[in-house]
Amino acid sequence: MARDAPPSLDQLIGLGARRLAELALDEAGSNAAFRQRLAAAIAAARGPAAVAAIVDRRLAALEKGRSTIAAARRRAFVEDLSATLKIIADDLAGADPASAVERLLRLLAAADGALARAGDEAAGVFSAAAAALPALLARLPGDDGGALADGLYALAADSRSAFVLRAAADILAAAPAATVAALDARLAEGVLALGPLAGDPPNWSLRARARRLIELRQRIADRRGDVDAYIALATALPGEGPDVAAIGERLVGAGRAAEALAWLRRSAPPSIKRLSLADLHVGLPPRDPAADRRAHVEIAALEALGDNAAAQALRWRLFTETLDADILREQVARLPDFEDVEALDAAFAAVFASPMIAAALRFFLQWPRLDLAERLVVERRTEWDGRRCEALAPAADALESRHPLAAVVLYRALLDAILDRGLSLAYGRAARYYAALQGLEAREAPGWPIEPHRHYRAELRRRHGRKLGFWSRVEAAGAT
452 MARDAPPSLD
462 QLIGLGARRL
472 AELALDEAGS
482 NAAFRQRLAA
492 AIAAARGPAA
502 VAAIVDRRLA
512 ALEKGRSTIA
522 AARRRAFVED
532 LSATLKIIAD
542 DLAGADPASA
552 VERLLRLLAA
562 ADGALARAGD
572 EAAGVFSAAA
582 AALPALLARL
592 PGDDGGALAD
602 GLYALAADSR
612 SAFVLRAAAD
622 ILAAAPAATV
632 AALDARLAEG
642 VLALGPLAGD
652 PPNWSLRARA
662 RRLIELRQRI
672 ADRRGDVDAY
682 IALATALPGE
692 GPDVAAIGER
702 LVGAGRAAEA
712 LAWLRRSAPP
722 SIKRLSLADL
732 HVGLPPRDPA
742 ADRRAHVEIA
752 ALEALGDNAA
762 AQALRWRLFT
772 ETLDADILRE
782 QVARLPDFED
792 VEALDAAFAA
802 VFASPMIAAA
812 LRFFLQWPRL
822 DLAERLVVER
832 RTEWDGRRCE
842 ALAPAADALE
852 SRHPLAAVVL
862 YRALLDAILD
872 RGLSLAYGRA
882 ARYYAALQGL
892 EAREAPGWPI
902 EPHRHYRAEL
912 RRRHGRKLGF
922 WSRVEAAGAT
């Protein structure tokens with residue numbers, strides 16, 4: 452049954468003030484968060500000080516709280532936090548933006564304690580609070596830089612939840628210039644006050660604090676467009692070496708591509724190699740994400756310098772290593788007219804020859820060239836590993852309607868992988884593959900380079916006839 456549409460503003464007005472008041476009182480009796488919003492709305496009639504007093508009581512309770520919040524009470528706790536945020540961002544901000552900013556900073560300062568008590572369920576409220584801060588800062592008529600800068604500094608230095616750091620670009624863009632200047636000076640003093648960060652063993656707590664302060668200064672440098680200040684701060688970060696890709700991006704953006712190349716080609720320590728689940732399914736090896744990012748920035752620098760041949764060569768290397776369709780699209784888009792056909796032929800040949808056969812199949816499906824996907828499947832039909840069901844099953848489904856031969860090859864590989872290993876938990880999937888093969892039998896063509904389905908079915912019965920769990924599933928599906 453379709454859900455009722457929410458009432459419109461005109462419909463609510465039509466109810467009349469008394470009826471609406473009765474409904475509001477009824478809801479307030481059972482909904483603490485709504486009761487809090489209602490009290491704030493009533494207080495707003497007396498002025499912003501009355502609304503601020505309500506918020507201050509809620510914030511004081513939040514700041515004093517220490518006990519762990521039981522799972523059964525966490526939803527109510529999060530609703531109360533959300534109501535407090537709405538009062539600050541809506542009721543109080545409309546009348547007194549400066550007071551709203553002050554209370555919003557207090558709410559964000561309580562994030563670490565609230566998360567420790569209630570877990571990550573409360574994180575969404577604090578993310579929303581950080582996201583609401585720029586709009587409030589933009590409404591400030593001006594600021595001497597002192598109190599607001601101190602509040603932002605405390606959040607950067609003392610809070611480990613990093614909500615302000617994640618929203619720093621928008622916050623700094625909206626903050627008054629005097630506040631940003633005062634904050635930068637305060638951050639610089641805070642880093643100096645930490646003293647030497649080297650040591651054996653290193654003081655990881657101090658290093659983490661220094662990193663938070665320096666990263667916020669880097670965002671200030673970005674706001675000012677001061678690339679040299681950003682680089683100086685990047686080289687001062689404790690721990691690993693500077694993020695040369697980030698430096699390169701800013702130098703390219705500033706029209707200093709030659710300097711960017713010099714940074715990007717410095718030797719860099721390898722980072723931890725990573726692998727997405729999608730890439731794991733198609734058999735790609737783990738990659739160094741920092742090295743890949745540097746390569747993409749190097750391409751941008753080379754193009755800025757007019758060395759398109761070197762940029763294209765680097766793209767080609769990345770493409771052959773990853774079989775990433777988006778990289779090939781970038782390569783083709785930058786070719787002169789009439790050269791794209793030859794380039795695509797070379798790319799498709801490289802994909803056909805790649806040892807990463809499941810990744811090659813994914814490429815042709817994504818391009819999309821289903822005809823080439825079929826050719827790949829059929830020409831390399833003895834190489835498919837049915838254990839890669841997350842890659843092969845969707846491919847078989849995609850090919851089934853227009854390229855039945857390729858679908859049959861893949862479905863057989865998937866089915867054989869399950870039955871050969873006796874994976875009883877996967878017999879349900881195996882029965883679906885068998886049913887798909889039964890359905891494709893009528894579309895067999897005399898020239899197919901694989902044995903007919905009737906022979907494959909007979910061999911399947913001979914080899915796996917005792918796997919009664921599988922055959923019972925087949926019979927239940929009516930696919931015998």
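Take the position in the sequence shown, starting the count at 1, then add 451; the result is the number in our numbering.
We put the beta carbon where it would ideally sit given N, CA and C, even for glycine.
Nearest candidate by alpha-carbon position, reference residue i, set the options
i      : options                        : result
ALA742 : ARG717, LEU735, SER727         : ARG717
GLU781 : ALA810, GLU700, ALA751, ALA909 : ALA751
ALA868 : LEU850, GLU834, GLU851, ALA893 : GLU834
SER923 : GLU892, ALA811, ARG469, ARG883 : ARG883
SER533 : ALA580, ALA511, ARG557, ARG508 : ALA580
GLU892 : PRO900, LEU911, VAL859, ARG880 : VAL859
ALA551 : LYS537, ALA561, ALA784         : LYS537
HIS915 : TYR878, GLY898, PRO903         : TYR878
ILE723 : GLU691, LEU866, VAL748         : GLU691
PRO740 : LEU876, ALA696, ALA881         : ALA696
LEU667 : ARG744, LEU634, ALA540         : LEU634
ARG838 : GLY890, ASP822, GLY734, GLU530 : GLY734
LEU779 : PRO787, ASP788, PHE799         : PHE799
ARG880 : THR686, LEU843, ILE901         : LEU843
ARG658 : GLY465, ARG637, PRO689         : PRO689
ALA598 : THR535, ALA629, ARG745         : ALA629
GLU553 : GLY570, ALA500, GLU793         : ALA500
ALA709 : GLU749, ALA569, GLY676         : GLU749
ARG917 : ALA801, GLY890, SER875, PRO900 : SER875
ALA719 : ARG745, HIS732, GLY704         : ARG745
Backbone CA spacing between residue i and residue j [nearest angstrom]
i      : j      : result
ARG813 : ALA503 : 58 Å
LEU712 : ALA762 : 12 Å
LEU870 : PHE815 : 28 Å
LEU753 : ASP679 : 21 Å
GLU851 : PRO845 : 10 Å
LEU827 : ALA896 : 18 Å
ARG872 : PRO737 : 27 Å
ALA857 : ARG832 : 9 Å
ARG912 : LEU769 : 46 Å
LEU715 : GLY706 : 15 Å
ARG785 : THR931 : 54 Å
ALA864 : LEU888 : 11 Å
ALA797 : PRO819 : 16 Å
ASP461 : GLY545 : 23 Å
LEU556 : GLY602 : 7 Å
ARG508 : ALA810 : 58 Å
HIS732 : ALA760 : 33 Å
Secondary structure of residue i, DSSP reduced to three states
i      : result
ARG738 : strand
ARG725 : strand
ASP571 : helix
ASN759 : helix
PHE799 : helix
VAL733 : coil
ILE665 : helix
THR535 : helix
THR773 : helix
SER578 : helix
LEU591 : coil
LYS918 : coil
ARG832 : coil
PRO585 : helix
TRP714 : helix
PRO806 : coil
ALA847 : helix
HIS394 : Given that the chain is displayed from residue 452 to residue 931, the structure contains no residue 394 and the question cannot be resolved.
ASP507 : helix
THR931 : coil
TRP767 : helix
ALA453 : Low per-residue confidence applies at ALA453: pLDDT is 48, beneath 50, and the placement is therefore not dependable, though the value from the model is reported in the following sentence. Residue state, collapsed to three classes: coil.
GLY898 : coil
PRO548 : helix
*asked:* Between the segment 698–705 and the segment 719–735, can you find at least three pairs of beta-carbon atoms closer than 8 Å?
replied: By the Cβ rule, the segment 719–735 does not count as touching the segment 698–705, because fewer than three pairs are nearer than 8 Å.
_Does the segment 570–586 come into contact with the segment 611–627, if we say contact requires no fewer than three beta-carbon pairs (one atom in each stretch) closer than 8 Å?_
A contact exists between the segment 570–586 and the segment 611–627.
*asked:* Three or more C-beta pairs under 8 Å: does that hold for the segment 603–616 against the segment 642–649?
replied: Flag = no, the segment 603–616 and the segment 642–649 do not touch.
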